[in-house]
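J.: Taking the UniProt record's numbering, I'd label the letters of the sequence shown as residues 1 to 399. Structure incoming, see below.
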Amino acid sequence: MDFEEQEYRARVERAKELMGEENLDAIIVTGDATSAPNYRYLSGHSPRNYQATTSRPHLLLLTREGGAAMCVHHASAVTARQGWVEEIHTYTQPFGHTDVVELFKRVGLQRGRIGLEMGLDSRVQMPIGELERAKRELPECSWEDASPLLWKMRTRKSEAELDKLRTAHEMNGRALAHTFAEAKPGMSERDIYDLCAHALIDAGSNEPPFSQMTISSSARYRGHGTITPFSGPTEVPLEPGDSIFLDTGVVVDGYWGEFGRMAVMGEPSESQQRSHDLVRTLVRRSIDEAIRPGVTSDQAMRDILGILEEEGFSENGGGLAPYDGFPYMHAGHGLGLQSSEMPLVRLTDETILEEGMVFSVELYVRRPDMQWGTEESIVLTSSGPEVLSVPDRGLFVIT
Numbered sequence: 001m002d003f004e005e006q007e008y009r010a011r012v013e014r015a016k017e018l019m020g021e022e023n024l025d026a027i028i029v030t031g032d033a034t035s036a037p038n039y040r041y042l043s044g045h046s047p048r049n050y051q052a053t054t055s056r057p058h059l060l061l062l063t064r065e066g067g068a069a070m071c072v073h074h075a076s077a078v079t080a081r082q083g084w085v086e087e088i089h090t091y092t093q094p095f096g097h098t099d100v101v102e103l104f105k106r107v108g109l110q111r112g113r114i115g116l117e118m119g120l121d122s123r124v125q126m127p128i129g130e131l132e133r134a135k136r137e138l139p140e141c142s143w144e145d146a147s148p149l150l151w152k153m154r155t156r157k158s159e160a161e162l163d164k165l166r167t168a169h170e171m172n173g174r175a176l177a178h179t180f181a182e183a184k185p186g187m188s189e190r191d192i193y194d195l196c197a198h199a200l201i202d203a204g205s206n207e208p209p210f211s212q213m214t215i216s217s218s219a220r221y222r223g224h225g226t227i228t229p230f231s232g233p234t235e236v237p238l239e240p241g242d243s244i245f246l247d248t249g250v251v252v253d254g255y256w257g258e259f260g261r262m263a264v265m266g267e268p269s270e271s272q273q274r275s276h277d278l279v280r281t282l283v284r285r286s287i288d289e290a291i292r293p294g295v296t297s298d299q300a301m302r303d304i305l306g307i308l309e310e311e312g313f314s315e316n317g318g319g320l321a322p323y324d325g326f327p328y329m330h331a332g333h334g335l336g337l338q339s340s341e342m343p344l345v346r347l348t349d350e351t352i353l354e355e356g357m358v359f360s361v362e363l364y365v366r367r368p369d370m371q372w373g374t375e376e377s378i379v380l381t382s383s384g385p386e387v388l389s390v391p392d393r394g395l396f397v398i399t
């Protein structure tokens, strides 16, 4: 398990309390070797096998009375039994609806309102056909959305979770600094990307970092006519004066430390320095003036729009990169067992911000040959935001 058993017992007690509030008799959380945030959060078990496959679902059934049973692929049985759940059902492929029904037998549940991961930013990780067959075998059960309950739990981090996040962010900062120190003029985005991948592993990331790494540079625009960072690293050599944006993440026992930093090949020009100073100011002001306990996410975003206007942007954030700008109006996301999770700092999210919530606050400005941005991770506290990321002190200079 990623934590001591008492951490999971506390989560189970909170889940039971919320099930009572939501009038649910039980919840089922699911996962596989590709992704299992809710399953891992409640069970403490991380599905791992030699194939990152979606054909081996793992399930935890938790009742409002505290009954618990897990269904795991036989290859994961040994590690599953090292956790707090005692009732464990194993199967060999293929997974079927009878495996779901077996969990209900194990906890003595025949009827009731059952919560599933059906809502916002959630998914049921088992074959839908098998789930539908299981529902027919359980005619006295109704099926409801458990996503609001699960997000209420996961969005507020415990001190044990924050310790993981602090460690992950320190490692990510160390890896980024090492990458830019080793980079040289003439390298391509691909070369720097590979340098960073090795640095992240050397820093101690528990999982391969490639799913979270993005890189962009003015060399990309020169060679391919685009500034998007979401199309993979290019092979165009970087020249003196080129700017680079590198966004990476380290995983510590499932928890992400994720933020990006910028560098310039050689001494930055006045224009480059102004662009970077601007995005640092926007993020810093957003943290200090807008994202705070007691306000809603959409109100925080409206306050950030006011900051943008004061800093010279047009209505609706004109001049922001598409990722941030109209109609999305996005300035940050939650962070934890996923590199981007609820809640979101945007106009469409009405979540009330609370102490213990963790955010990655990010803003990006569009320039003709480059997207300039920075990102800081924070946790909301009663005494103000605590910055988890290694703070952006300025552009890295590559010589």
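Every residue, glycine too, gets a C-beta built ideally from N, C-alpha and C.
Return yes when the C-beta of residue 319 is under 8 angstroms from any heavy atom of the ligand GTP, and no when it is not.
T.: Looking for the ligand GTP in the displayed structure turns up nothing, as the structure carries no ligands at all.
J.: Report back the beta-carbon spacing between residue 172 and residue 245 to the nearest angstrom; my notes put them in contact at under 8 angstroms.
T.: Actually they do not touch by this definition, with Cβ atoms about 15 angstroms apart.
J.: Please report the Cβ distance between residue 225 and residue 234, rounded to the nearest whole angstrom; I am assuming they are in contact, meaning their Cβ atoms lie under 8 angstroms.
T.: Contact doesn't hold; Cβ gap of about 11 angstroms is too wide.
J.: Which of helix, strand or coil does DSSP assign to residue 45?
T.: Coil.
J.: Rounded to the nearest angstrom, what separates residue 229 and residue 215 at their Cα positions?
T.: C-alpha separation (whole angstroms): 5 angstroms.
J.: How should residue 390 be labelled, buried or exposed, when 16 other C-beta atoms within 10 angstroms of its C-beta is the threshold for buried?
T.: Classification for residue 390: buried.
J.: State the Cα-Cα distance for the pair residue 24 and residue 113, rounded to the nearest angstrom.
T.: So the alpha carbons of these two residues sit roughly 5 angstroms apart.
J.: I believe residue 30 touches residue 117 by the beta-carbon criterion, under 8 angstroms. Please report the beta-carbon distance rounded to the nearest angstrom.
T.: At roughly 6 angstroms, the Cβ-Cβ gap stays under 8 angstroms, so residue 30 and residue 117 are in contact.
J.: Rounded to the nearest angstrom, what separates residue 341 and residue 334 at their Cα positions?
T.: Cα to Cα, residue 341 sits roughly 5 angstroms from residue 334.
J.: Assign residue 184 to buried or exposed, taking buried as 16 or more other Cβ atoms, counted over all protein chains shown, within 10 Å of its Cβ.
T.: Exposed is the call here.
J.: Suppose you measure from the CA of residue 64 to the CA of residue 115; what does that come to, to the nearest Å?
T.: One C-alpha to the other measures close to 11 angstroms.
J.: Determine the direct distance from the alpha carbon of residue 211 to that of residue 188, and round the result to whole angstroms.
T.: Each residue's alpha carbon lies about 20 angstroms from the other.
J.: Can you check whether the CB of residue 398 is closer than 9 angstroms to the CB of residue 180?
T.: The answer is yes: Cβ separation under 9 angstroms.
J.: Mind pulling the alpha helix (DSSP H) runs of 4 or more residues that sit fully within the stretch 16-93?
T.: You should have 37-43 and 77-80.
J.: For residue 266, count the other beta carbons within 10 Å of its own beta carbon; 16 or more makes it buried, fewer makes it exposed. Which is it?
T.: With fewer than 16 other Cβ atoms within 10 Å, it is exposed.
J.: Since residue 235 is in the alpha helix (DSSP H), which residue starts that stretch and which ends it?
T.: First-last for residue 235: undefined, no H or E at that position.
J.: Taking 9 angstroms as the cut-off, decide whether the C-beta atoms of residue 278 and residue 372 are in contact.
T.: Yes, the pair counts as a contact, with Cβ atoms nearer than the cut-off.
J.: From the DSSP output, in three-state form, read off residue 116 for me.
T.: Reduced to three states, the DSSP call for residue 116 is strand.
J.: Quick check: residue 282 and residue 40, are their CB atoms within less than 9 angstroms of each other?
T.: The answer is no: Cβ separation not under 9 angstroms.
J.: Ignore the nearest five residues each way along the sequence and tell me which others in residue 249's own chain have a CB closer than 7 angstroms to its CB.
T.: Same-chain partners within the cutoff: 172, 209, 212, 256, 257, 258 and 339.
J.: Please report how far the alpha carbon of residue 99 lies from the alpha carbon of residue 86, in whole angstroms.
T.: Distance between the alpha carbons of residue 99 and residue 86: 17 angstroms.
J.: If you draw a straight line from the alpha carbon of residue 313 to that of residue 306, how long is it in whole angstroms?
T.: Their backbone Cα atoms lie some 9 angstroms apart in a straight line.
J.: From this set, 369, 352 and 291, which residue's C-alpha is nearest residue 378's C-alpha?
T.: Per the Cα distances, 291.
J.: What first and last residue would you give for the beta strand (DSSP E) that runs through residue 268?
T.: Unbroken run through residue 268: none, as it is neither H nor E.
J.: In three-state terms, what does DSSP make of residue 150?
T.: Reduced to three states, the DSSP call for residue 150 is helix.
J.: Distance check for residue 129 and residue 104, CA to CA, integer angstroms please.
T.: Approximately 18 angstroms, taken between the alpha carbons.
J.: Can you check which of these residues, 367, 4, 123 and 220, is closest to residue 271 by C-alpha distance?
T.: If we check each option's Cα against that of residue 271, 367 comes out closest.
J.: Out of curiosity, what's the CA-to-CA distance linking residue 196 and residue 125?
T.: Taking the straight line from one Cα to the other gives about 32 angstroms.
J.: Quick one: is residue 88 buried, meaning 16 or more other Cβ sit within 10 Å of its Cβ, or exposed?
T.: Buried, because 16 or more other Cβ atoms sit within 10 Å of the Cβ of residue 88.
J.: Thinking just about the alpha-carbon of each residue, which of 1, 395 and 358 is nearest to the one in residue 384?
T.: Nearest of 1, 395 and 358 to residue 384, Cα basis: 358.
J.: To which residues of the same chain is residue 152 closer than 7 angstroms at the C-beta, ignoring the five residues directly before and after it?
T.: 18.
J.: Using the three-state DSSP reduction, which class does residue 310 fall into: helix, strand or coil?
T.: Residue 310 falls in the helix class under three-state DSSP.
J.: Compute the Euclidean distance between the alpha carbons of residue 69 and residue 59, then round it to the nearest angstrom.
T.: About 8 angstroms.
J.: Can you tell me whether residue 365 is buried or exposed? The criterion is at least 16 other CB atoms within 10 Å of its CB, across all chains shown.
T.: Its Cβ being crowded by 16 or more others within 10 Å, residue 365 is buried.
J.: In whole angstroms, what separates the C-alpha of residue 262 from that of residue 21?
T.: If I take the Cα positions, the gap works out to 46 angstroms.
J.: Classify residue 199 as buried or exposed, calling it buried when 16 or more other Cβ atoms lie within 10 Å of its own Cβ.
T.: It counts as buried.
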